[in-house]
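Working notes, structure below.
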Amino acid sequence: MNKKFLYAAMSVAMLSVSVSCDNSKGAKGPAAYENNSVEKASHVIEYTNLLIDMANKQNSYITRVAENTDRIEKGLKNPSDRFAFIGIITPSYFDMSRSMNKVKPEEPVDELSSDDKKFFKEKVPAYTASFKKLQEQYKKLSDYLKAENYKDDKSALGFALVDSIRSTTQQLMTDKAVLMKKVNEIADASEAIVLKESPLKDYILAMKADLKSVRDFVELAESSEGDYNAIKQKAEAAYAALEKAQAEHSQLNLDNAKKERKDGYYKSFYDRVNDFLITAKKIMRDSAEKGKIDEYQVESLGSSYDNLISSYNSFNS
């Protein structure tokens, strides 16, 4: 299976603000938000960030399921091998944060245009249904292996479940692409309003740019399919650019951040960028020597990226 990293594009997280309902009913698309107040734009961003956070929290689960499915399929072809299913750990998924949010993914905020509210009411349930279906299918496959039922049907049901999981994953990716495209359009339009007045604008733009660079680096590593030589030059160039950006952005004047009591969060973010660079450097050196990049190394890059997202969200909460 050709696996992909499922990281969502980032947008700006802002504090929730209670405001009155006032949709832009005439305009459509991003133009519907151009005349919003900062307070309304902030509330829209709070909702879009919730969707991004939801999708991002599911990344490791979906990726692990894809990896396990490949290994399980291989094992089902030769189940008599005593090592066929050794080391396959069932992934877990917990999302405690969603129940604590004032806004809910399935309840689009009133500050969205009527067209966009309708869009999210349709697309969010479709996406979450696909994810729930994936969880149920993988559990069936896991139970099938635990019961060793492949001994009774010559792996027939196992292969059928593998196909179903892959089909559901593809649908999930399709739903996510549509959802995130709309999320980013709306978030970008609202972000422009919020950042225009924000004393934290320079910090946010710096962190966003570096988050994108880190995400691109992780996706580059994944695209190698294990052949590091195929991406070596691009990886080295991307690393050098991120290293330069980290050096510059970590030294921004923090006076405005201190006034907003955000300087500690900003420093923490760039400490984690530095940690990512250290991890990436070790992996690049090791991969250059071997000519390949191992799956666990790519996963460690993804884990570092997740840590950066958490740090970014802390700054913006």
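Using my numbering, read the sequence shown as starting at 818 and increasing by one per residue. We put the CB at the ideal spot given by N, CA and C, even for glycine. All of these numbers come straight from a predicted model, not from anything done at the bench.
Backbone secondary structure at residue i - three-state DSSP
i, result
"K968", "helix"
"K1079", "coil"
"K919", "coil"
"E924", "strand"
"D1044", "strand"
"K842", "In this prediction, K842 has a pLDDT of 46, which is less than 50 and means its spatial position is unreliable; what the coordinates show is noted afterwards. Coil."
"Y824", "Because Y824 carries a pLDDT of 38, less than 50, the predicted location of this residue cannot be relied on, and the following value inherits that uncertainty. In the structure shown, Y824 sits in coil (DSSP, three-state: anything other than H, G, I, E or B)."
Within 8 Å, strictly: CB atoms of residue i and residue j
i, j, result
"V1000", "L868", "yes"
"H1066", "Y1082", "no"
"N866", "I1126", "no"
"T985", "L951", "yes"
"L989", "S959", "no"
"Y955", "Y910", "no"
"K1109", "D1044", "yes"
"I889", "I905", "yes"
"L893", "F976", "yes"
"Y864", "P925", "yes"
"A1097", "F1034", "yes"
"S1121", "D1092", "yes"
"T880", "I982", "no"
"P847", "A1006", "yes"
"E1077", "L1017", "yes"
Cβ separation of residue i and residue j, assumed to be a contact under 8 Å, to the nearest whole Å
i, j, result
"D1027", "V979", "In fact, because the Cβ distance is near 38 Å, the residues do not count as touching under 8 Å."
"I1003", "Y850", "7 Å"
"L1037", "A1055", "6 Å"
"F1132", "K1075", "Incorrect: roughly 13 Å between the Cβ atoms, too far for contact."
Close-in-space but distant-in-sequence residues of the same chain around residue i (CB under 8 Å, 5 per side omitted)
i, result
"C838", "For C838, the predicted model reports a pLDDT of 34, less than 50, meaning its position is unreliable and no value from the coordinates is stated."
"F1040", "It is worth fixing the name first, because residue 1040 is Ser in this sequence and not Phe. Excluding positions up to five away in sequence, the list reads I1048."
"V882", "P908, L951, Y955, I982 and T986"
Neighbourhood of residue i by C-beta, 7 Å cutoff - its chain only, sequence neighbours within 5 removed
i, result
"P942", "E923"
"K957", "L978"
"V855", "I1010, V1011 and E1014"
"Q875", "Y910 and F948"
"K1049", "A1105"
"N1124", "R1089"
"N966", "L974"
Beta-carbon proximity list for residue i, same chain, < 6 Å, skipping 5 on both sides
i, result
"K1061", "none"
"E1112", "none"
"S1085", "S1128"
"K921", "none"
"A858", "S1007, I1010 and V1011"
"A1064", "none"
"E1042", "none"
Specify whether the stretch 1067-1074 and the stretch 1106-1124 touch according to this definition: at least 3 beta carbon pairs, one from each stretch, less than 8 Å apart.
-> In short, these stretches do not touch, since the Cβ pair count stays below three.
Are at least three pairs of beta-carbons, each pair with one atom in the stretch 882-898 and one in the stretch 927-936, less than 8 Å apart?
-> Too few Cβ pairs lie closer than 8 Å, so no.
Is there contact between the stretch 959-971 and the stretch 982-997, where contact requires at least three CB pairs shorter than 8 Å?
-> Per the Cβ contact rule, the stretch 959-971 is not in contact with the stretch 982-997 (fewer than 3 Cβ pairs under 8 Å).
Would you call the stretch 1099-1114 and the stretch 1007-1026 in contact, with 3 or more CB pairs under 8 Å?
-> No, they do not touch.
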